[in-house]
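Worksheet: the structure to be examined is printed underneath.
Protein chains: 2
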Amino acid sequence: MSGWLSPDEQRSWRAWLSASTLLADRLNRELHSQHGLTGADYEILVRLSESADRRMRMSDLAASTLASRSRLSHQIDRMVDAGLVTRETCSEDRRGSFAALTDTGWDALVQAAPDHVASVRSHLVDVLTPEEFAALGRACQKVSDRLKEQ
Amino acid sequence: MSGWLSPDEQRSWRAWLSASTLLADRLNRELHSQHGLTGADYEILVRLSESADRRMRMSDLAASTLASRSRLSHQIDRMVDAGLVTRETCSEDRRGSFAALTDTGWDALVQAAPDHVASVRSHLVDVLTPEEFAALGRACQKVSDRLKEQ
DNA sequence: GTCAAGAAGTTCTGTTTTCAACCATCTCAG
DNA sequence: CTGAGATGGTTGAAAACAGAACTTCTTGAC
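Chains as they are written, first to last, in our numbering: chain Z, 8 to 157; chain U, 8 to 157.
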């Protein structure tokens, strides 16, 4: 609880900062150069592909991808233009709308996923021992849970 | 080396994604609401404050903050407008220039640092045991080193 | 019923980021 | 020397983002 960070803590903190930005950057770059998709595109395709009927309400999608409503709305605009998703109106709640995966979007995901997973492996998973990676996962889970609940 | 992620790996990977975006987001938000600084502003102030003469060459600063040259240049424009830094010409290499901390910039950092460190503690360091945090740091260091060398 | 309060999405405005083009300077082979 | 190529940095236009304002619809109290 002391006011400053110790040298060790400082190192750990900076390593975290560096790893998180470099990794995100590298993965997005590879995804984009190999498949023309941004990280945000990809994440949305994944969520939709895992949903019933391959579609989700905008606000659920925003919550699950940690994006603001505004950002998601623009994002979906672009993906509609690219043919990856469509908007569907919601009959139960006429304010609402769905984003739904198109066949093109599904195909794009199927194309990209193996390469993306390989990237994640080569830059993260395989750099660590299984124990290290599991411990990293548990620590991140704690941090993430804490941030969500507050 | 198998092509897919196991359920456990998947969980760890998503925990990482979630923790890294939520944490960055939260820290930037607190920094901005408490002190009117963006995360990028803050990081630059820190680097400059730690440098000899409280100034750095643009390209060194870009490398150390993991930003593109272009982004840094725009960023420094804004910080010059805000009075936090100034540009200084470089006499050894007349193509080059320095970004140098102003007194205002120094003061802004001194004001912000304790709160920022407290945020880092409360959302990351104190959420984990010292061992967990140290392990996290070591793992991140490995990942980051690997990404830098390739 | 009706109206206030709130929720779902979109849109608007201003800011930040990216990418490519650009200028100036330096380096060094010939 | 000289000029080709590399390096340091800036610029401008287009894309992406955040936050607030706005529209439409739903809900619940009365």
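Yeah, the Cβ is synthetic: ideal placement off N, Cα and C, and Gly gets one too.
Proximal chain Z residues relative to residue i, where beta-carbon distance stays under 7 angstroms
| i | result |
| --- | --- |
| A30 of chain U | First, the residue type needs correcting, since residue 30 of chain U is Leu and not Ala in the sequence shown. Neighbours of L30 of chain U on chain Z, chain order: V150, L154. |
| A26 of chain U | C147, V150, S151 |
For residue j and residue i, believed in contact at Cβ under 8 angstroms, the rounded distance
| i | j | result |
| --- | --- | --- |
| L24 of chain U | A119 of chain U | About 27 angstroms; that fails the 8 angstroms criterion. |
| G103 of chain Z | R64 of chain Z | 6 angstroms |
| A22 of chain Z | S151 of chain U | 6 angstroms |
| V124 of chain Z | W11 of chain U | 6 angstroms |
8 angstroms Cβ cutoff met for residue i and residue j
| i | j | result |
| --- | --- | --- |
| T72 of chain Z | E50 of chain Z | yes |
| A142 of chain Z | A142 of chain U | yes |
| L91 of chain Z | A115 of chain Z | yes |
| A146 of chain Z | L135 of chain U | yes |
| A107 of chain Z | R76 of chain Z | no |
| L30 of chain U | L131 of chain U | yes |
| D100 of chain U | Q41 of chain U | no |
| W20 of chain U | V117 of chain Z | no |
| R18 of chain U | G112 of chain Z | no |
Contact list for residue i against chain Z, beta-carbon separation under 8 angstroms
| i | result |
| --- | --- |
| H123 of chain U | Those do not exist, as H123 of chain U stays about 10 angstroms from chain Z at its closest Cβ, beyond 8 angstroms. |
| W113 of chain U | Result: empty, since nearest Cβ-Cβ is about 18 angstroms, beyond 8 angstroms. |
| L73 of chain U | S25, T28, L29, D32 |
| L79 of chain U | Within chain Z, no residue comes near L79 of chain U; the closest Cβ sits about 14 angstroms away, beyond 8 angstroms. |
Contacts of residue i in chain Z (Cβ-Cβ under 9 angstroms)
| i | result |
| --- | --- |
| A69 of chain U | Chain Z residues near A69 of chain U: none, gap ~13 angstroms exceeds 9 angstroms. |
| V132 of chain U | L12, E16, S19, W20 |
| L44 of chain U | By Cβ distance, chain Z contributes nothing, its closest Cβ being about 16 angstroms from L44 of chain U, past 9 angstroms. |
| L135 of chain U | A146, K149, V150 |
Proximity test, residue i beta-carbon vs the ligand ZN heavy atom, cut-off 7 angstroms
| i | result |
| --- | --- |
| R102 of chain U | The ligand content of the structure shown is nil, which means the ligand ZN is not present either. |
Listed by chain order, chain U residues near residue i by CB distance under 8 angstroms
| i | result |
| --- | --- |
| D15 of chain Z | A141, G144 |
| T127 of chain Z | Looking at the sequence shown, residue 127 of chain Z is not Thr but Val. Here the neighbours are L12, W20. |
Buried or exposed (CB count within 10 angstroms, at least 16 for buried), residue i
| i | result |
| --- | --- |
| G43 of chain Z | exposed |
| A59 of chain Z | exposed |
| D110 of chain Z | exposed |
| A98 of chain U | Before going on, a small fix: residue 98 of chain U reads as Ser here, not Ala. So S98 of chain U ends up on the exposed side. |
| D32 of chain U | exposed |
| S27 of chain Z | buried |
| E57 of chain Z | exposed |
| D15 of chain Z | exposed |
| Q3 of chain U | The question about residue 3 of chain U has no answer, for chain U in this structure spans 8 to 157. |
| D48 of chain U | buried |
Partner residues on chain U for residue i, Cβ-Cβ distance less than 7 angstroms
| i | result |
| --- | --- |
| R33 of chain Z | L154 |
| L38 of chain Z | Within 7 angstroms Cβ-Cβ: nothing; L38 of chain Z doesn't reach chain U, min ~13 angstroms. |
Ignoring anything shorter than 4 residues or poking outside the stretch 20-81 of chain U, list the alpha helix (DSSP H) runs there in chain order.
-> If we require 4 residues or more, the alpha helix (DSSP H) runs fully inside the stretch 20-81 of chain U come out as 46-57, 65-71.
With a floor of 3 residues, list each beta strand (DSSP E) that falls wholly inside the stretch 75-157 of chain Z, ordered by position along the chain.
-> Entirely contained in the stretch 75-157 of chain Z, the beta strand (DSSP E) runs reaching 3 residues are, in chain order, 92-96, 104-108.
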